[in-house]
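As they're listed, the protein sequences go chains X and L.
Under the numbering used here, the first residue of the first sequence is numbered 234, with each subsequent residue one higher.
Under the numbering used here, the first residue of the second sequence is numbered 357, with each subsequent residue one higher.
Everything on this sheet refers to the single structure shown next.
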Amino acid sequence: MKNLPNIAVKQSLSTLLQVVLLSLVWLLASRLSHSFLPAVPAGVLGMFLVLAALALGWLPLAWCKSGARWLLAEMLLFFIPATVAVVQYPQLMGSIGLRIVLVILLSTVLVMTVTSLVVDAGYKFEILLKRRKRQHGVS
Amino acid sequence: MENLLAFGCLLLTLVLYWLAKKLYRRTGNWWSAPLLAVPLLVIGAVVVGHIPYHTYFQDTHWLSWLLGPATVAFAIPIYEQRQVIRKHALSLSCGVLVAMPVAVLSSVWLARAFGLSELLQKSLAPRSISTPFAMATASSIGASPDLTAVFVVITGVAGMLLGELMLMLLPLRSRLAKGALLGAAAHGAGTAKANELGAEEGVVASLTMMLGGIATVFAAPLIAWFV
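Written out as structure tokens, the structure is:
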């Protein structure tokens with residue numbers, strides 16, 4: 234009976250520790266990026282560090298998986314404060330705001346169309362390559 | 357008094373987010389989507405209450421801070437999906453390499469054609485990628501990261517509304533193309549939609565979103581030179 238909440242507490246505690254671990258990686262990466270690699274943003278540098286550590290087997294996946302899942306699932310919450318900054322730009326209301334929304338809508342339609350058609354063509358090419366490889370393998 | 361108000365702002369943001377998430381999960385109404393409802397409600401409260409932005413940001417900046425670790429966290433899904441990346445390396449890289457310049461160039465050119473200021477042109481440039489990548493790109497090309505964050509959110513809402521329509525209109529055969537359409541054009545919001553279509557669409561959407569974000573960050577000097 235008492236075991237169930239215990240497991241839940243243990244899981245959230247381990248998620249919390251993993252979030253702390255990923256935050257420490259981020260702090261380390263921002264130090265590194267600040268003093269050696271100002272061209273690479275700290276977050277991206279930290280991502281490559283973790284990716285390398287995972288690929289080399291230095292970091293077990295289980296040590297960061299649930300923390301990463303939580304951070305990515307709640308990401309929307311983290312950028313709300315930045316969107317509220319729009320109150321500092323009252324000039325964006327009205328005609329300029331309307332034009333911005335129009336730019337975004339048109340550009341979004343364009344990106345959707347071009348990207349999906351290119352990927353569809355790439356996919357057909359992938360199948361073609363595979364088929365050719367198989368035929369060569371047989372003959 | 358100001359400290360209390362700042363703490364109240366943090367609390368309000370957390371509670372509204374939690375409520376919107378619950379409501380959206382239960383009803384599925386587009387207007388309760390946390391992406392749309394929470395920023396609008398919080399902005400409304402800040403405007404009505406005459407709360408200065410620095411007071412609002414005093415405690416909520418901890419939430420913004422977590423975007424850093426969230427970017428690092430992208431390593432885990434990329435690592436887990438390395439098989440998919442290897443299998444579809446060709447179509448994925450084509451998709452990312454085409455989507456990124458189309459998104460940046462069309463945003464900047466359209467903004468210029470509509471007579472928007474240079475700051476707005478720059479801030480619109482990285483709008484189609486995931487927020488942490490977009491804000492990082494914005495600060496390295498001399499745009500306003502705050503404005504970019506707002507444009508990223510509007511893009512997400514636009515992608516949710518337009519995604520289904522475009523999937524109906526375009527003659528797409530592969531699940532790969534459907535996922536790439538949503539991930540490249542509408543980052544996290546598109547990925548959520550793609551997950552509703554199917555697991556493969558979801559994986560491809562999230563990969564397109566992440567790889568596109570990384571590619572844009574590295575292309576930042578090129579974008580800065582162009583705008």
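Backbone N, C-alpha and C define an ideal beta-carbon position, used for all residues, glycine too.
Owing to the predicted nature of the structure, the values given are computational and were not obtained by experimental measurement.
Below 8 Å between beta carbons: does that hold for L/S463 and L/A481?
Here residue 463 of chain L is taken as the residue at index 107 of the second sequence, counted from 1. Here residue 481 of chain L is taken as the residue at index 125 of the second sequence, counted from 1. Going by C-beta atoms, L/S463 is nearer than 8 Å to L/A481.
Would X/R332 pass as an interface residue toward chain L - the criterion being a Cβ-Cβ separation below 8 Å?
On the first sequence, residue 332 of chain X is found 99 positions in, with the first residue counted as 1. Closer than 8 Å: yes.
Short CB-CB distance (under 8 Å) between X/T316 and chain L
As a first step, residue 316 of chain X is located in the first sequence; it is residue number 83 there, counting from the start. So yes, X/T316 belongs to the interface.
Under the assumption that X/N273 contacts X/S263 (Cβ atoms under 8 Å), give the Cβ distance between them as a whole number of angstroms.
Locating residue 273 of chain X in the first sequence gives position 40, counting from the first residue. Locating residue 263 of chain X in the first sequence gives position 30, counting from the first residue. Reading off the sequence shown, one finds Val at residue 273 of chain X, where the question assumed Asn. At roughly 11 Å, the Cβ-Cβ gap does not stay under 8 Å, so X/V273 and X/S263 are not in contact.
Identify the contact partners of L/T383 in chain X, using a Cβ-Cβ distance below 8 Å as the criterion.
The count along the second sequence starts at 1 and reaches residue 383 of chain L at position 27. By Cβ distance, chain X contributes nothing, its closest Cβ being about 18 Å from L/T383, past 8 Å.
Would you list, in sequence order, the uninterrupted alpha helix (DSSP H) runs of no fewer than 4 residues that lie entirely inside the segment 426-504 of chain L?
431-436, 438-443, 445-469, 474-480 and 487-496
Helix, strand or coil for L/N385 per DSSP?
Counted from its first residue, the second sequence places residue 385 of chain L at position 29. Correct three-state label for L/N385: coil.
Under 8 Å between C-beta atoms of L/L472 and X/I329:
For the purposes of this step, residue 472 of chain L is taken as the residue at position 116 of the second sequence. For the purposes of this step, residue 329 of chain X is taken as the residue at position 96 of the first sequence. Yes, they are a contact pair.
Using a Cβ-Cβ cut-off of 8 Å, state whether X/P274 counts as contacting chain L.
Here residue 274 of chain X refers to the residue found at position 41 when the first sequence is read from its first residue. Judged by the 8 Å Cβ criterion, X/P274 is in contact with chain L.
L/A596 CB to nearest chain X CB: under 8 Å?
One cannot answer for residue 596 of chain L here, as it falls past the ends of chain L, which runs 357 to 583.
Neighbourhood of L/L453 by C-beta, 8 Å cutoff - its chain only, sequence neighbours within 5 removed:
On the second sequence, residue 453 of chain L is found 97 positions in, with the first residue counted as 1. Excluding positions up to five away in sequence, the list reads A571.
In chain L, what lies closer than 7 Å to X/T248 by C-beta?
Position 15 of the first sequence, counting from 1, holds the residue named residue 248 of chain X. Within 7 Å Cβ-Cβ: nothing; X/T248 doesn't reach chain L, min ~12 Å.
Compare the C-beta of X/M280 against all C-beta atoms of chain L and say whether one is closer than 8 Å.
Numbered from 1 along the first sequence, position 47 holds the residue referred to as residue 280 of chain X. Taking Cβ atoms only, chain L reaches closer than 8 Å to X/M280, which makes this a yes.
Since X/M326 meets chain L, which of its residues come closer than 7 Å, beta carbon to beta carbon?
On the first sequence, residue 326 of chain X is found 93 positions in, with the first residue counted as 1. Here the premise fails: no neighbours, minimum Cβ distance about 11 Å.
Just to check, is the beta-carbon of X/R364 closer than 7 Å to a non-hydrogen atom of the ligand ATP?
Here there are no bound small molecules, and the ligand ATP is not part of this structure.
With L/I570 as the anchor, note down where its alpha helix (DSSP H) starts and where it stops.
Numbered from its first residue, the second sequence carries residue 570 of chain L at position 214. It spans A555 to F574 - the alpha helix (DSSP H) in which L/I570 sits, taken as one unbroken run.
Is X/F269 close to chain L, meaning its C-beta is less than 8 Å from at least one C-beta of that chain?
Taking the first sequence and counting its residues from 1, the one referred to as residue 269 of chain X is at position 36. No, no contact with chain L.
In terms of alpha-carbon separation, which member of X/V352, X/L305 and X/L284 lies closest to L/L422?
As a working note, residue 422 of chain L is residue 66 in the second sequence. If we check each option's Cα against that of L/L422, X/L305 comes out closest.
Here's the rule I'm using: 16 or more other beta-carbon atoms within 10 Å means buried, otherwise exposed. How should L/A490 be labelled?
Against the second sequence, residue 490 of chain L aligns to sequence position 134. With 16 or more other Cβ atoms within 10 Å, it is buried.
What are the start and end residues of the alpha helix (DSSP H) that includes X/A272?
Sequence index remark: in the first sequence, residue 272 of chain X carries index 39 (1-based). Taken as a continuous stretch (DSSP letters only), X/A272 belongs to no alpha helix (DSSP H), as it is neither H nor E.
Name the chain X residues that come within less than 7 Å of L/L447, Cβ to Cβ?
The residue you call residue 447 of chain L lines up with position 91 of the second sequence. A small correction: the amino acid at residue 447 of chain L is Ser; Leu does not occupy that position in the sequence shown. Within chain X, the residues near L/S447 are V352, G355, Y356 and E359.
Is it the case that the segment 399-413 of chain L contacts the segment 428-448 of chain L, given that we only count it when at least three CB pairs across the two stretches are under 8 Å?
no
Under DSSP, the alpha helix (DSSP H) around L/Y409 begins and ends at which residues?
In the second sequence, the residue the question calls residue 409 of chain L occupies position 53. First-last of the alpha helix (DSSP H) with L/Y409: Y409 to W421.
Using the Cα positions of X/T346 and L/V398, report the straight-line distance between them to the nearest angstrom.
By 1-based counting over the first sequence, the position of residue 346 of chain X is 113. By 1-based counting over the second sequence, the position of residue 398 of chain L is 42. Their Cα atoms are separated by approximately 34 Å.
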